[in-house]
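Working notes for the structure below.
There are 2 protein chains.
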Amino acid sequence: MTETTTPKYKVKKAPRFSDHPEPGYALRGRIWLEKDGELYVGWGRVMLLERIDQLGSISRAARSMGLGYRNAWLWVEAMNRLAPAPLVEKSSGGAGGGHARLTLAGHEVIAEYKALRARFQEFLKQSA
Amino acid sequence: MTETTTPKYKVKKAPRFSDHPEPGYALRGRIWLEKDGELYVGWGRVMLLERIDQLGSISRAARSMGLGYRNAWLWVEAMNRLAPAPLVEKSSGGAGGGHARLTLAGHEVIAEYKALRARFQEFLKQSA
DNA sequence: GAGCGTTATATCGGTCGTAATATAACCAGT
DNA sequence: ACTGGTTATATTACGACCGATATAACGCTC
């Protein structure tokens, strides 16, 4: 008999951002900010904010990072709702169809999170 | 008209372990160990190892922490496979139906991860 | 060898998040 | 007015993970 090597169980997954599946053992981790237990800012959202800042629109930012527009829009919506002041200023219609720009608060959040993340990466490296 | 307040979108989630949904802003995070990009040890798995050590069986450990036996078994299987040496020693049949015990390596992994986690908690507190 | 509780394994169904798709609203330019 | 690309929103479909369930294998005890 051909004994089709029983496929066992599959365990893999495909995380969304910044995965460097190195060989051997590795210490990995994630950090994020919550507001009242709800996700406020994480790495993906910060990347989105940066792209919006660079490209001027949610849809372009989403496309550029392989993210669906729907999700991108939901994320922006959530961040604006959870932040003390909106991070992204949106407008539909008009020249070019519309646009989205970062507010000062948006830029600040990017800077804060990236600084935090840098310290965290350092922590992971130290602890490895 | 009664205008049934459009339910909008839902965003909530229900993480598995150690969640303390505090009000206001909070820095949260998770760390885990991977082997070749696959999850090796995380908080849930360490909890499982501890329960196995205390209760002497996978099924009792699983029940005690509201985890399905299937998952508990899969986790143990994965950990044993990914570890340099098995963390859990299993045997079926016999007195009591069978049992599972931690190896020395199992105890070491628990200690290592918990120490790491403690440092991480400290990091989160400092960075908040 | 019958019983028992555990390990071991397969299968089905629900749930949840995301992808894909579709469509409307918007509005400065022309 | 019409155009064009974006924001805004709903709907559907799909795939992964988990819970529940079922059943076999195991081996000590009686």
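One line per chain: the protein sequences are A and B, in this order. Be aware that the first sequence starts at 66, since it is given in my numbering, and climbs by one per residue. Be aware that the second sequence starts at 66, since it is given in my numbering, and climbs by one per residue. Just so it is clear, CB atoms sit at the ideal spot from N, CA and C, and this is done for glycine as well. All figures in this text were calculated on a predicted structure; none of them were measured in a lab.
**OP:** Provide the residue(s) that pair with A91 of chain B in DSSP beta bridges, ordered along the chain.
**Re:** In the second sequence, counting from the first residue as 1, residue 91 of chain B sits at position 26. DSSP lists A:E99 as partners of A91 of chain B.
Subject >> Unbroken alpha helix (DSSP H) run spanning A176 of chain B, endpoints >> reply: As a working note, residue 176 of chain B is residue 111 in the second sequence. Note, A176 of chain B: alpha helix (DSSP H), L169 to S192.
Subject >> Proximity to R116 of chain A [Cα-Cα], best of A:R95, A:H172 and A:G89 >> reply: Taking the first sequence and counting its residues from 1, one reaches residue 116 of chain A at position 51. Ranking A:R95, A:H172 and A:G89 by Cα distance to R116 of chain A puts A:H172 first.
Original post:
Is the CB of R93 of chain A under 8 Å away from at least one CB in chain B?
Top reply: As a position in the first sequence, residue 93 of chain A is number 28, starting the count at 1. It does: the Cβ of R93 of chain A has a partner Cβ on chain B nearer than 8 Å.
Original post:
Going by C-alpha distance, which of A:G162, A:S192, A:G158 and A:L139 is nearest V106 of chain A?
Top reply: By 1-based counting over the first sequence, the position of residue 106 of chain A is 41. Ranking A:G162, A:S192, A:G158 and A:L139 by Cα distance to V106 of chain A puts A:L139 first.
Original post:
Taking Cβ-Cβ distances below 9 Å as the criterion, which residues of the segment 162 to 179 of chain A are in contact with chain B?
Top reply: none
**OP:** Determine whether the Cβ of E154 of chain B lies closer than 8 Å to any Cβ atom of chain A.
**Re:** Counting from one through the second sequence, the residue named residue 154 of chain B turns up at place 89. It does not; no Cβ of chain A falls within 8 Å.
Subject >> Residues that L152 of chain A bridges to, as DSSP identifies them >> reply: The residue given as residue 152 of chain A occupies position 87 in the first sequence. Residue pairing from DSSP leaves L152 of chain A without any beta-bridge partner.
**OP:** Put G161 of chain B into one of helix, strand or coil per three-state DSSP.
**Re:** The count along the second sequence starts at 1 and reaches residue 161 of chain B at position 96. Helix.
Original post:
Can you list, in chain order, the residues of its chain whose CB lies under 7 Å from that of W97 of chain B, leaving out five sequence neighbours each side?
Top reply: Residue numbering aside, residue 97 of chain B sits at position 32 when the second sequence is read from its first letter. Cβ within range, chain order: L104, V106 and G107.
Original post:
Helix, strand or coil: how does DSSP classify L139 of chain B here?
Top reply: Locating residue 139 of chain B in the second sequence gives position 74, counting from the first residue. In the structure shown, L139 of chain B sits in a helix (DSSP, three-state: H, G or I).
Subject >> Cβ-based burial, L169 of chain B [other Cβ within 10 Å; buried from 16] >> reply: Residue numbering aside, residue 169 of chain B sits at position 104 when the second sequence is read from its first letter. Flag for L169 of chain B reads exposed.
Original post:
What is the DSSP secondary structure of L104 of chain A, reduced to helix, strand or coil?
Top reply: The count along the first sequence starts at 1 and reaches residue 104 of chain A at position 39. Correct three-state label for L104 of chain A: strand.
Original post:
What is the rounded straight-line gap between the Cα of I123 of chain B and the Cα of L92 of chain B?
Top reply: Stepping through the second sequence from its first residue, residue 123 of chain B is reached at position 58. Stepping through the second sequence from its first residue, residue 92 of chain B is reached at position 27. Each residue's Cα considered, the two are about 33 Å apart.
Original post:
If you compare alpha carbons, which of B:Y90, B:K100 and B:P88 is closest to G89 of chain A?
Top reply: One-based indexing of the first sequence puts residue 89 of chain A at position 24. Nearest C-alpha to G89 of chain A: B:K100.
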